[in-house]
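Student: Here our numbering is used: the first residue of the first sequence is 1, the next is one more, and so on.
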Amino acid sequence: MSFSDLGLSEKVLAAVAATGYTTPTPIQEQAIPHVLARKDVLGIAQTGTGKTAAFVLPMLTILEKGRARARMPRTLILEPTRELAAQVKENFDRYGAGQKLNVALLIGGVSFGDQDAKLTRGVDVLIATPGRLLDHTERGGLLLTGVELLVIDEADRMLDMGFIPDIERVCKLVPFTRQTLFFTATMPPEIRRITETFLHNPQKVEVSKPATTAVTVTQCQVPAGREAHEKRELLRRLLREAKDLQNAIIFCNRKREVAIVHKSLQKHGFSVGALHGDMDQSARTAALEQFRKGELPLLVASDVAARGLDIPEVSHVFNFDVPHHPDDYVHRVGRTGRAGRTGTAISLVTPLDQKSMVAIEKLIGQSIPRAEGDYAVSADTGEHSDRPRESRGRERSRGGRGKPQRGGRDRERSHEPREPRGEARHASETTPSAEARPAPEARPAREPRPPREARQSSEPRHGARQPANPSHVPSIGRPEPRRQREADSEPGDHSHLPAFLLRPVRSPAGA
DNA sequence: AAAAAAC
Numbered sequence: 001m002s003f004s005d006l007g008l009s010e011k012v013l014a015a016v017a018a019t020g021y022t023t024p025t026p027i028q029e030q031a032i033p034h035v036l037a038r039k040d041v042l043g044i045a046q047t048g049t050g051k052t053a054a055f056v057l058p059m060l061t062i063l064e065k066g067r068a069r070a071r072m073p074r075t076l077i078l079e080p081t082r083e084l085a086a087q088v089k090e091n092f093d094r095y096g097a098g099q100k101l102n103v104a105l106l107i108g109g110v111s112f113g114d115q116d117a118k119l120t121r122g123v124d125v126l127i128a129t130p131g132r133l134l135d136h137t138e139r140g141g142l143l144l145t146g147v148e149l150l151v152i153d154e155a156d157r158m159l160d161m162g163f164i165p166d167i168e169r170v171c172k173l174v175p176f177t178r179q180t181l182f183f184t185a186t187m188p189p190e191i192r193r194i195t196e197t198f199l200h201n202p203q204k205v206e207v208s209k210p211a212t213t214a215v216t217v218t219q220c221q222v223p224a225g226r227e228a229h230e231k232r233e234l235l236r237r238l239l240r241e242a243k244d245l246q247n248a249i250i251f252c253n254r255k256r257e258v259a260i261v262h263k264s265l266q267k268h269g270f271s272v273g274a275l276h277g278d279m280d281q282s283a284r285t286a287a288l289e290q291f292r293k294g295e296l297p298l299l300v301a302s303d304v305a306a307r308g309l310d311i312p313e314v315s316h317v318f319n320f321d322v323p324h325h326p327d328d329y330v331h332r333v334g335r336t337g338r339a340g341r342t343g344t345a346i347s348l349v350t351p352l353d354q355k356s357m358v359a360i361e362k363l364i365g366q367s368i369p370r371a372e373g374d375y376a377v378s379a380d381t382g383e384h385s386d387r388p389r390e391s392r393g394r395e396r397s398r399g400g401r402g403k404p405q406r407g408g409r410d411r412e413r414s415h416e417p418r419e420p421r422g423e424a425r426h427a428s429e430t431t432p433s434a435e436a437r438p439a440p441e442a443r444p445a446r447e448p449r450p451p452r453e454a455r456q457s458s459e460p461r462h463g464a465r466q467p468a469n470p471s472h473v474p475s476i477g478r479p480e481p482r483r484q485r486e487a488d489s490e491p492g493d494h495s496h497l498p499a500f501l502l503r504p505v506r507s508p509a510g511a
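1. What span of residues does the alpha helix (DSSP H) with ASN247 cover, start to end?
2. Work out the CA separation of CYS220 and ILE346 for me, nearest whole Å.
3. When DSSP labels each residue in this structure, what does GLU206 get in the three-state scheme?
4. Can you give me the Cβ contacts of ALA376 inside the same chain, cut-off strictly under 7 Å, excluding the 5 residues immediately before and after it?
5. Whose CA, out of PHE176, LEU159, LYS204, GLN203, lies closest to the CA of PRO189?
6. For GLU257, which residues in the same chain have their Cβ closer than 8 Å to its Cβ, ignoring the five residues on either side in sequence?
7. Which residue from MET161, THR129, HIS268 puts its Cα closest to that of GLY108?
8. Does DSSP put GLU441 in a helix, a strand or coil?
9. How long is the line joining the alpha carbons of ALA242 and LEU348, rounded to whole angstroms?
10. Which value, in whole angstroms, describes the spacing of the CA atoms of GLN46 and GLU154?
11. Rounded to whole angstroms, what's the CA-CA distance from LEU105 to ARG292? Just pull it up for me.
12. If VAL12 and VAL205 are in contact, beta carbons under 8 Å, what's the gap, nearest whole angstrom?
13. Once the 5 residues before and after GLN115 are set aside, which same chain residues still bring their CB inside 8 Å of it?
14. Taking the straight line between their C-alpha atoms, what separation do you get for GLU295 and VAL16?
15. Does DSSP put GLY343 in a helix, in a strand, or in coil?
16. Which residue comes first and which comes last in the beta strand (DSSP E) that contains ALA512?
17. Give the list of continuous alpha helix (DSSP H) stretches no shorter than 4 residues that lie fully inside the segment 103–130.
18. Answer yes if the segment 44–61 comes into contact with the segment 19–26, meaning at least three C-beta pairs across the two stretches below 8 Å, and no otherwise.
19. Measuring only the C-alpha atoms, how far is MET357 from LYS267?
20. Between THR344 and HIS316, which are expected to be in contact by the criterion C-beta below 8 Å, what is the C-beta distance as a whole number of angstroms?
21. In or out: ASP93 buried (at least 16 other Cβ within 10 Å) or exposed?
22. Pull up the distance between the alpha-carbon of GLU83 and that of GLU29, whole angstroms please.
23. In chain order, what residues of the same chain lie with their CB nearer than 6 Å to the CB of GLU10, ignoring the 5 residues before and after it?
24. Write down the C-beta distance between ILE191 and ILE127 rounded to the nearest angstrom, noting that I regard them as a contact closer than 8 Å.
25. Please confirm whether ALA248 and LEU309 have their CB atoms less than 8 Å apart.
26. Tell whether a beta-carbon distance below 8 Å holds between LEU60 and ILE32.
27. Rounded to whole angstroms, what's the CA-CA distance from ARG338 to GLN87? Just pull it up for me.
28. Apart from the five residues just before and just after ARG121, which ones in its own chain have a Cβ nearer than 8 Å to its Cβ?
29. Could you pull the start and end residues of the beta strand (DSSP E) that LEU42 belongs to?
30. Could you name the residues of the same chain whose beta carbon sits closer than 7 Å to that of ILE27, not counting the 5 residues immediately before and after it, in chain order?
31. Would LEU142 and ASP166 be called neighbours here (beta carbons separated by less than 8 Å)?
32. Taking the alpha-carbon of ALA37 as reference, which of ALA259, GLY334, THR180, LEU265 has the nearest alpha-carbon?
33. Rounded to a whole number of angstroms, what is the C-alpha to C-alpha distance between PHE176 and GLU64?
34. Under the rule that 16 or more other beta-carbon atoms within 10 Å means buried, what is ARG332, buried or exposed?
35. What's the gap between the Cα of ILE360 and the Cα of HIS262?
36. Reducing DSSP to helix, strand and coil, say where ILE260 ends up.
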């Protein structure tokens, strides 16, 4: 099967060929003919399956005929986050380079006037997040009565984020006769309900990836102290000692924590950016762009970066916080080990996170071994006392997550004196000095990766659930007396860091 | 236990 069998126009085929793709992914193969036949499509597909091109390519073919009128876009694509919307626009720019197409991006955090001017000129493709889109319609600068094709992307995530009422409003503004493409990764009851009202006789296209992590990803958990400064210290150590680290995303559960960890790593000399929803849009875009280009090897992020964002070739994912919902673990870890490449996912696990880890192991159907090292329970033997774990369960239900929760304030722990904000404890908050450490298997990080047996070759795509191979568990240094680690380098001394992880002299301010 | 999205 090749792209030329799907009914796409010559121009689009040429654009696809120019990017080097030759074979459509399953979702593309199934969805594109239906889209071109102007059918409604219900696509059940995770990110990373080629879903975006599955609607972008046929839309480009459809849009070759006809022209846009002022303030009346011909097609509309709804995305849950600004970054995803921007990414879809990049797809139109890439594959639509050969045609005169007006593509507008309506997202928050950027100039309203520029967007309005663009709408006035007439757009073929409007890509939007719900808030800004409705803002434009309410001000009268935008008419949705000319929309021939509506795409609702990442619908289940929109549900999680409380966007469904907005989506329903938008659906009342577009013509009843439009074509609708609806994509979701899961089918909770609320999503099933809205597909029945939004879609007319939809063609169902399902390419559900298993609720599991890629077999090429080496996963491990590192026991961590429950205090945040202990975790930051452990993170620095893990970063220094990580094997084959090219670039990494460090996930935190809270935006505040993202900011703190980012600042802390910067202070300790790491070249690191940050990404979360409270940053202003230019900082978000800049951080993502620098990370993509490789200018920043490290990115501290909230779950805004967990799903959908196209960040190629991440070698490591760190869960600074264990996610509370197992699905989020799968999405985070899915940032590495893509397209059959190897990757490493390391989770810092406090005693409070044990329950979450059990739920994660149950969902992915494998136990996640503990890393060896002085934080491990059984460091000497390398045996993992708690495996194999019973791990057959596989329910994908996200029951109870349907309603957005608002107003949850962070609770401060009060039984102990607070650590001063922003890392004022360097003298006692420690990491091992370079000399004290046994310079373990820390290769220079740019060195090519050692060959790994091609484990993925004969694996079934679905439900690969063999336990992780203990021989691939990264060793986190050798056990050493806790005392020794008290003598950390000063925050200013970065001589022990791999050069590419170092902050450049004229460092771009992060968040 | 959170994050995300409009001004």
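Cβ coordinates follow ideal geometry from the N, Cα and C atoms, glycine included.
Tutor: If we stick to the structure as given:
1. Indexing the first sequence from 1 puts residue 247 at position 247. Unbroken run through ASN247: none, as it is neither H nor E.
2. The residue given as residue 346 occupies position 346 in the first sequence. The residue given as residue 220 occupies position 220 in the first sequence. Whole-angstrom Cα-Cα distance: 5 Å.
3. Here residue 206 is taken as the residue at index 206 of the first sequence, counted from 1. It is a strand residue.
4. Here residue 376 refers to the residue found at position 376 of the first sequence. Unreliable positioning characterises ALA376 in this predicted model, as indicated by a pLDDT of 37, which lies under 50. The coordinate reading is nonetheless provided below. Within the same chain, ALA376 has close Cβ partners PRO223, ARG370.
5. Within the first sequence, residue 189 is the residue found at index 189, counting from 1. Checked all of PHE176, LEU159, LYS204, GLN203; the closest Cα to PRO189 is LEU159.
6. Position 257 of the first sequence, counting from 1, holds the residue named residue 257. The answer, listed in chain order, is ALA228, PHE320, ASP321.
7. Here residue 108 refers to the residue found at position 108 when the first sequence is read from its first residue. Looking at the Cα atoms, THR129 is the closest of the given residues.
8. For this step, residue 441 is matched to residue 441 along the first sequence. Confidence at GLU441 is low in this model, with a pLDDT of 31, below 50, so its placement is unreliable and no value can be given for it.
9. As a working mapping, residue 242 is identified with position 242 in the first sequence. As a working mapping, residue 348 is identified with position 348 in the first sequence. Cα-Cα distance, rounded: 14 Å.
10. Taking the first sequence and counting its residues from 1, the one referred to as residue 46 is at position 46. Taking the first sequence and counting its residues from 1, the one referred to as residue 154 is at position 154. Their Cα atoms are separated by approximately 8 Å.
11. For this step, residue 105 is matched to residue 105 along the first sequence. For this step, residue 292 is matched to residue 292 along the first sequence. Cα to Cα, the separation comes out at about 20 Å.
12. Walking along the first sequence from the start, residue 12 turns up at place 12. Walking along the first sequence from the start, residue 205 turns up at place 205. Actually they do not touch by this definition, with Cβ atoms about 19 Å apart.
13. As a first step, residue 115 must be located in the first sequence, where it is residue number 115. Around GLN115: ALA104, LEU105, LEU106, ARG132, HIS136.
14. Here the question's residue 295 lines up with position 295 in the first sequence. Here the question's residue 16 lines up with position 16 in the first sequence. Approximately 28 Å between the Cα atoms of the pair.
15. The count along the first sequence starts at 1 and reaches residue 343 at position 343. Looking at GLY343 - three-state DSSP - the assignment turns out to be strand.
16. Any question about residue 512 goes unanswered here, given that the chain covers just 1 to 511.
17. 112–121
18. yes
19. Residue numbering aside, residue 357 sits at position 357 when the first sequence is read from its first letter. Residue numbering aside, residue 267 sits at position 267 when the first sequence is read from its first letter. One C-alpha to the other measures close to 30 Å.
20. Working through the first sequence from its first residue, we reach residue 344 at position 344. Working through the first sequence from its first residue, we reach residue 316 at position 316. Rounded, the Cβ-Cβ distance is 5 Å, consistent with contact.
21. One-based indexing of the first sequence puts residue 93 at position 93. Exposed, since its Cβ has fewer than 16 Cβ neighbours within 10 Å.
22. Indexing the first sequence from 1 puts residue 83 at position 83. Indexing the first sequence from 1 puts residue 29 at position 29. C-alpha separation (whole angstroms): 26 Å.
23. On the first sequence, position 10 is the one that residue 10 refers to. Excluding sequence neighbours, GLU10 sits near nothing in its chain.
24. Here the question's residue 191 lines up with position 191 in the first sequence. Here the question's residue 127 lines up with position 127 in the first sequence. 21 Å between Cβ atoms; not a contact.
25. The residue labelled residue 248 in the question sits at position 248 within the first sequence. The residue labelled residue 309 in the question sits at position 309 within the first sequence. No, they are not a contact pair.
26. Within the first sequence, numbered from 1, the residue matching residue 60 stands at position 60. Within the first sequence, numbered from 1, the residue matching residue 32 stands at position 32. For LEU60 and ILE32, no; Cβs fall outside 8 Å.
27. By 1-based counting over the first sequence, the position of residue 338 is 338. By 1-based counting over the first sequence, the position of residue 87 is 87. Each residue's alpha carbon lies about 18 Å from the other.
28. In the first sequence, residue 121 corresponds to position 121, counting from 1. The answer, listed in chain order, is ALA70, ASN102.
29. Stepping through the first sequence from its first residue, residue 42 is reached at position 42. First-last of the beta strand (DSSP E) with LEU42: 41–45.
30. Taking the first sequence and counting its residues from 1, one reaches residue 27 at position 27. Excluding positions up to five away in sequence, the list reads GLY43, ALA45, THR49, GLY50, LYS51, ALA54, VAL205, VAL207.
31. As a first step, residue 142 must be located in the first sequence, where it is residue number 142. As a first step, residue 166 must be located in the first sequence, where it is residue number 166. The answer is no: Cβ separation not under 8 Å.
32. In the first sequence, the residue the question calls residue 37 occupies position 37. Here the closest residue by C-alpha is THR180.
33. Within the first sequence, the letter at position 176 stands for residue 176. Within the first sequence, the letter at position 64 stands for residue 64. If you take the alpha carbons of PHE176 and GLU64, they lie about 23 Å apart.
34. The residue you call residue 332 lines up with position 332 of the first sequence. The residue is buried, with at least 16 neighbouring Cβ atoms inside 10 Å.
35. The residue labelled residue 360 in the question sits at position 360 within the first sequence. The residue labelled residue 262 in the question sits at position 262 within the first sequence. Distance between the alpha carbons of ILE360 and HIS262: 26 Å.
36. In the first sequence, residue 260 corresponds to position 260, counting from 1. ILE260 falls in the helix class under three-state DSSP.
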